[in-house]
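Asker: Position 12 (the sequence shown) corresponds to 12 in UniProt numbering; numbering is contiguous. Idealized CB from N, CA, C, for every residue including glycine. Since we're looking at a predicted model, the values are computed, not measured. Pasting a structure here, questions to come.
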Amino acid sequence: MGARVDRTSDPAILADLLLARRGTAYFLRKLRELPDGEFGGDSLLAGWTRSHVIAHVGYNARALSRLVNWAATGVETPMYASPADRDHEIEFGATLSPNALRNLAEHSAVHLNVEWRDLAPSRWSQQVRTIRGRAVPATETAWMRAREVWLHAIDLDNGGRFEELPEEFLRRLLDDVTSSWAARDVPSFSLRTGAETYDVRPADHPIPVTGTLPALAAWATGRRQRDVTAPRWL
Numbered sequence: 001m002g003a004r005v006d007r008t009s010d011p012a013i014l015a016d017l018l019l020a021r022r023g024t025a026y027f028l029r030k031l032r033e034l035p036d037g038e039f040g041g042d043s044l045l046a047g048w049t050r051s052h053v054i055a056h057v058g059y060n061a062r063a064l065s066r067l068v069n070w071a072a073t074g075v076e077t078p079m080y081a082s083p084a085d086r087d088h089e090i091e092f093g094a095t096l097s098p099n100a101l102r103n104l105a106e107h108s109a110v111h112l113n114v115e116w117r118d119l120a121p122s123r124w125s126q127q128v129r130t131i132r133g134r135a136v137p138a139t140e141t142a143w144m145r146a147r148e149v150w151l152h153a154i155d156l157d158n159g160g161r162f163e164e165l166p167e168e169f170l171r172r173l174l175d176d177v178t179s180s181w182a183a184r185d186v187p188s189f190s191l192r193t194g195a196e197t198y199d200v201r202p203a204d205h206p207i208p209v210t211g212t213l214p215a216l217a218a219w220a221t222g223r224r225q226r227d228v229t230a231p232r233w234l
């Protein structure tokens, strides 16, 4: 019997799923490269160890699986009961052994992938709700996961680099970040890679920030410092 494949044939959904799956493979590769004795070391996220990051990525897959199940069944199954429950879950997860955390990351990723694979084509447009209360179609779960795994692979701080991430991911990430800034009370910025420009709250004299696409994405998401401080985006 042949391998089971995604039920959807929508090219846009399949492209997003591929990006999320590639990101998952990258995260799990960096996780395999991380020695057990370094799980308790600092990540790139203030106040979080690497164990916190790994636990978060694992529990995020479970949370997104609940959204896909919501889309499949029509029965509301939120990502988390509350933001406080999410935070408590991560703190608990950070106390798990390296072996338990590796299993959590791997098994939860497989579960999410199966939920995506088996979702009926007609259910991908079903509205679900993020932890922030935003109503989105189930298609959004693939991008949500892609963003989590690619960025948090860098946050493990064991060799992952923005320069290794796909250009299509970095462009979409910068679109997300600059759109978030545009909706907030932040200064006017003009981000330029040479080939592309991202203008935020256009003004006569925007703050110019130039660099490669990976360098700008790293700076904009708070993972790399420059003379100019990037505003918060989440």
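In this structure, how does DSSP classify proline 121 when only helix, strand and coil are distinguished?
Answerer: Taking the first residue of the sequence shown as position 1, residue 121 is located at position 121. Reduced to three states, the DSSP call for proline 121 is helix.
Asker: Considering only their Cβ atoms, is the gap separating valine 149 from alanine 138 smaller than 8 Å?
Answerer: Here residue 138 refers to the residue found at position 138 of the sequence shown. Here residue 149 refers to the residue found at position 149 of the sequence shown. No; because the gap between Cβ atoms is not below 8 Å, this pair is not in contact.
Asker: Pull up the distance between the alpha-carbon of arginine 223 and that of valine 136, whole angstroms please.
Answerer: Walking along the sequence shown from the start, residue 223 turns up at place 223. Walking along the sequence shown from the start, residue 136 turns up at place 136. C-alpha separation (whole angstroms): 27 Å.
Asker: Does the contact criterion of 3 or more C-beta pairs under 8 Å hold for the stretch 162-169 versus the stretch 92-112?
Answerer: Output reads no: the stretch 92-112 does not touch the stretch 162-169.
Asker: Could you tell me the distance, in whole angstroms, from the CA atom of methionine 1 to the CA atom of serine 51?
Answerer: What you label residue 1 is simply residue 1 of the sequence shown in a count that begins at 1. What you label residue 51 is simply residue 51 of the sequence shown in a count that begins at 1. Confidence at methionine 1 is low in this model, with a pLDDT of 42, below 50, so its placement is unreliable and the value that follows should be read with caution. C-alpha separation (whole angstroms): 39 Å.
Asker: Measuring straight from C-alpha to C-alpha, what distance separates methionine 79 and arginine 172?
Answerer: To locate residue 79, count along the sequence shown from 1; it is residue 79. To locate residue 172, count along the sequence shown from 1; it is residue 172. If I take the Cα positions, the gap works out to 23 Å.
Asker: Using 8 Å as the cut-off, can you tell me whether the stretch 206-218 makes contact with the stretch 183-198, which would need three or more C-beta pairs spanning the two stretches below that distance?
Answerer: Cβ pair count under 8 Å is three or more, so yes.
Asker: Threshold first: 4 residues or longer. Then list the alpha helix (DSSP H) segments lying entirely within the stretch 115-191, N to C.
Answerer: You should have 140-155, 167-182.
Asker: The alpha helix (DSSP H) that contains aspartate 87, what's its start and end?
Answerer: In the sequence shown, the residue the question calls residue 87 occupies position 87. Segment 83-93, the alpha helix (DSSP H) holding aspartate 87.
Asker: Using a Cβ-Cβ cut-off of 7 Å (strictly less than) and excluding sequence neighbours within five positions of valine 57, which residues of its own chain qualify?
Answerer: Working through the sequence shown from its first residue, we reach residue 57 at position 57. For valine 57, where only same-chain residues beyond five positions count, the Cβ hits under 7 Å are Phe27, Ala105, Glu148, Val149, His152.
Asker: Do alanine 20 and arginine 145 count as a contact pair if the criterion is CB distance below 8 Å?
Answerer: As a first step, residue 145 is located in the sequence shown; it is residue number 145 there, counting from the start. As a first step, residue 20 is located in the sequence shown; it is residue number 20 there, counting from the start. Yes; because the gap between Cβ atoms is below 8 Å, this pair is in contact.
Asker: Give the single residue among Val228, Arg22, Asp175, Ile131 whose Cα lies nearest to the Cα of glutamate 76.
Answerer: Working through the sequence shown from its first residue, we reach residue 76 at position 76. Taking only the C-alpha atoms, the option nearest glutamate 76 is Ile131.
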